[in-house]
Amino acid sequence: MGTLATASSAENFEHCFPMERNGKIWLSLHVRSRAKSTSSPPIYTEGDTVSGRVELHFDKPEKIKGITVAIQGGTTAVGQEEIIFLDTTQTVWSPDPKQGKSGEKLQGKHALPFKFVLPKEVTMSLSKNKQAEFKLPPNFSERASPSYIDYKLIVIVKRGLFLANMVLSHYFAYVPLSMPPPPSTLRQMAYRSGTGLIGPDRDRDGWKVAGPAKLAGTLFNVRKVGMECEVREAGELLAFPVRSPIPLFLTIKSDDEQALDILSSPSAVRVFLVRSLANGSDAVDDDAVRRSNNFFVESAGQAVFWSISRDQNSRTLQGELEVKHGVKPSFVFPRFAIRYTIDLLPFVAPGFQSDTMPNGDPVLLSETVTICTTHAPGVVPRSYTPPGYEHPQGGGDYNNSMGLLENGNQRFYHHIR
Numbered sequence: 001m002g003t004l005a006t007a008s009s010a011e012n013f014e015h016c017f018p019m020e021r022n023g024k025i026w027l028s029l030h031v032r033s034r035a036k037s038t039s040s041p042p043i044y045t046e047g048d049t050v051s052g053r054v055e056l057h058f059d060k061p062e063k064i065k066g067i068t069v070a071i072q073g074g075t076t077a078v079g080q081e082e083i084i085f086l087d088t089t090q091t092v093w094s095p096d097p098k099q100g101k102s103g104e105k106l107q108g109k110h111a112l113p114f115k116f117v118l119p120k121e122v123t124m125s126l127s128k129n130k131q132a133e134f135k136l137p138p139n140f141s142e143r144a145s146p147s148y149i150d151y152k153l154i155v156i157v158k159r160g161l162f163l164a165n166m167v168l169s170h171y172f173a174y175v176p177l178s179m180p181p182p183p184s185t186l187r188q189m190a191y192r193s194g195t196g197l198i199g200p201d202r203d204r205d206g207w208k209v210a211g212p213a214k215l216a217g218t219l220f221n222v223r224k225v226g227m228e229c230e231v232r233e234a235g236e237l238l239a240f241p242v243r244s245p246i247p248l249f250l251t252i253k254s255d256d257e258q259a260l261d262i263l264s265s266p267s268a269v270r271v272f273l274v275r276s277l278a279n280g281s282d283a284v285d286d287d288a289v290r291r292s293n294n295f296f297v298e299s300a301g302q303a304v305f306w307s308i309s310r311d312q313n314s315r316t317l318q319g320e321l322e323v324k325h326g327v328k329p330s331f332v333f334p335r336f337a338i339r340y341t342i343d344l345l346p347f348v349a350p351g352f353q354s355d356t357m358p359n360g361d362p363v364l365l366s367e368t369v370t371i372c373t374t375h376a377p378g379v380v381p382r383s384y385t386p387p388g389y390e391h392p393q394g395g396g397d398y399n400n401s402m403g404l405l406e407n408g409n410q411r412f413y414h415h416i417r
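In structure tokens form, the structure reads like this:
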């Protein structure tokens, strides 16, 4: 997604959305936004000014009762009515009061300007007696999604008695502004100088440890083996921008050196960026018990690893998990929330069969992370993936690893966090 400019420096690209009548354009909506081309919808971020004009061309006098422009934002769950959380209207033209309730006749060309300032937050009701402030969520629309978030610009031309109003609407994209804290001083130095990433052994303030997790299994159907795994993720607060790599280190320890050699192969490691989508009344509750009809889990990416060191009883791998363009940022909003975790799943290697976990959950380690829309000021993350190593396409082989089954829009899974 790159760096979002501040609200005051938004791009000045003009979009035009026309409406025809009798083969001629008689109504058009013109609006400026951050978008770079006509192939993109208008794009805004928090605090942006949405400005433009409504143009009309009447071939003959026509009685009009009023013209308004509105900005609307709403969430829709499949099978339910839309819940409007943002609704701001401006009257850009109204008839002379002396003309009475029937309206006033307009003729010729008219250009009617408008201007809105998008709020950063809206007040939402959580229960009968409880309200809270929430940041505006991003627009969200995916095939087979249980919920949607839409933003629209709407022009309404109110006509005379017994005549239907004319409505012109077009959707726009909204991107909330969020950024991670600056990385550690040593990691910033590595980014700026183009030198190698400094690992957790020397940059203790720049990494967070998840684990250790214990893994047991059978090697070649004859020998039981056990091991411990630790994942170190860059940053204490675990927040990462879209279109950037998440640096990782993985350490595997075992008394069985043959098992170490097999399971420390980069192709055996399964680390994923996992997106969970919650909808319904408890979507804002981080600790709510999730049900399969309102909680949907899928991979947003798989890490790639390469070996960097080996000792008699341990192996260390370095890795990266790319947060790809198009990944939606983390957000929590009433009845709809998107959260992310980095999950370590059991290793997959020829000759090794992992034991079933005691709680039935195949996830060895899981760490909550926040996906942001832009990087910290002055910080440009860089990739350290060696030549010849490619990031898995899409979400990787997460579904196979988790044993997910799909049946239409319903997803069944063996664990609910």
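Counting from 1, one number per residue, gives the positions in the sequence shown under full-length UniProt numbering.
Every residue gets a Cβ at the ideal spot worked out from N, C-alpha and C, and that includes glycine.
As the structure is a computational prediction, the values presented were derived from the model and not from experiment.
Based on Cα-Cα distance, which residue from the options lies nearest to residue i?
{"i": "residue 165", "options": "173, 155, 40, 171", "result": "155"}
{"i": "residue 315", "options": "262, 116, 206", "result": "262"}
{"i": "residue 365", "options": "228, 72, 221, 13", "result": "228"}
{"i": "residue 96", "options": "125, 131, 66, 230", "result": "66"}
{"i": "residue 50", "options": "153, 91, 56", "result": "153"}
{"i": "residue 308", "options": "318, 213, 299, 288", "result": "318"}
{"i": "residue 398", "options": "367, 363, 230, 325", "result": "363"}
{"i": "residue 310", "options": "157, 258, 121, 111", "result": "258"}
{"i": "residue 80", "options": "41, 335, 243", "result": "335"}
{"i": "residue 183", "options": "128, 274, 199, 253", "result": "199"}
{"i": "residue 276", "options": "133, 44, 296, 40", "result": "296"}
{"i": "residue 287", "options": "253, 270, 332", "result": "332"}
{"i": "residue 77", "options": "142, 133, 341", "result": "142"}
{"i": "residue 136", "options": "145, 43, 129, 118", "result": "118"}
For residue i, which of helix, strand or coil comes out of DSSP?
{"i": "residue 444", "result": "Residue 444 is absent from the model: the chain starts at 1 and stops at 417."}
{"i": "residue 430", "result": "Within the shown structure, residues of the chain are numbered from 1 to 417, placing residue 430 beyond reach of any answer."}
{"i": "residue 171", "result": "strand"}
{"i": "residue 407", "result": "Bear in mind that a pLDDT of 36 at residue 407, under 50, signals an unreliable position, so the model cannot answer this."}
{"i": "residue 44", "result": "strand"}
{"i": "residue 265", "result": "coil"}
{"i": "residue 416", "result": "At residue 416 the pLDDT is 37, less than 50, meaning the model places this residue with poor confidence and gives no usable figure here."}
{"i": "residue 226", "result": "strand"}
{"i": "residue 254", "result": "coil"}
{"i": "residue 150", "result": "strand"}
{"i": "residue 97", "result": "helix"}
{"i": "residue 280", "result": "strand"}
{"i": "residue 357", "result": "coil"}
{"i": "residue 126", "result": "strand"}
{"i": "residue 382", "result": "coil"}
{"i": "residue 86", "result": "strand"}
{"i": "residue 260", "result": "helix"}
{"i": "residue 143", "result": "coil"}
{"i": "residue 234", "result": "strand"}
{"i": "residue 202", "result": "coil"}
Can you give me the Cβ contacts of residue i inside the same chain, cut-off strictly under 7 Å, excluding the 5 residues immediately before and after it?
{"i": "residue 240", "result": "180, 246, 323, 369, 371, 372"}
{"i": "residue 32", "result": "12, 13, 14, 51, 52"}
{"i": "residue 132", "result": "124, 126"}
Measuring from the CB of residue i, is there a heavy atom of the ligand NAP at a distance below 6 Å?
{"i": "residue 205", "result": "Although the ligand NAP was asked about, the structure shown includes no ligands whatsoever."}
Just to confirm, are residue i and residue j a CB contact at a threshold of 7 Å?
{"i": "residue 233", "j": "residue 248", "result": "yes"}
{"i": "residue 272", "j": "residue 361", "result": "no"}
{"i": "residue 147", "j": "residue 22", "result": "no"}
{"i": "residue 176", "j": "residue 46", "result": "yes"}
{"i": "residue 264", "j": "residue 252", "result": "yes"}
Could you check where the beta strand (DSSP E) with residue i kicks off and where it finishes?
{"i": "residue 308", "result": "304–311"}
{"i": "residue 335", "result": "335–345"}
{"i": "residue 72", "result": "49–77"}
{"i": "residue 136", "result": "From DSSP, residue 136 is part of no beta strand (DSSP E); its letter is neither H nor E."}
{"i": "residue 104", "result": "104–117"}
{"i": "residue 25", "result": "24–33"}
{"i": "residue 213", "result": "207–219"}
{"i": "residue 315", "result": "314–323"}
{"i": "residue 330", "result": "No beta strand (DSSP E) contains residue 330, which DSSP labels as neither H nor E."}
{"i": "residue 39", "result": "Premise fails: residue 39 is in no beta strand (DSSP E) and is neither H nor E."}
{"i": "residue 365", "result": "365–372"}
{"i": "residue 241", "result": "239–241"}
Report all residues from its chain with a CB closer than 6 Å to the CB of residue i; omit the five preceding and five following residues, and keep chain order.
{"i": "residue 187", "result": "206"}
{"i": "residue 70", "result": "89, 154"}
{"i": "residue 93", "result": "67, 112"}
Looking only at its own chain, which residues have a Cβ that is under 8 Å from the Cβ of residue i, when we skip the five neighbours before and after it?
{"i": "residue 320", "result": "245, 246, 247, 248, 303, 304, 383, 384, 385, 391"}
{"i": "residue 25", "result": "18, 19, 57"}
{"i": "residue 84", "result": "72, 73, 74"}
{"i": "residue 169", "result": "152, 153, 154, 155"}
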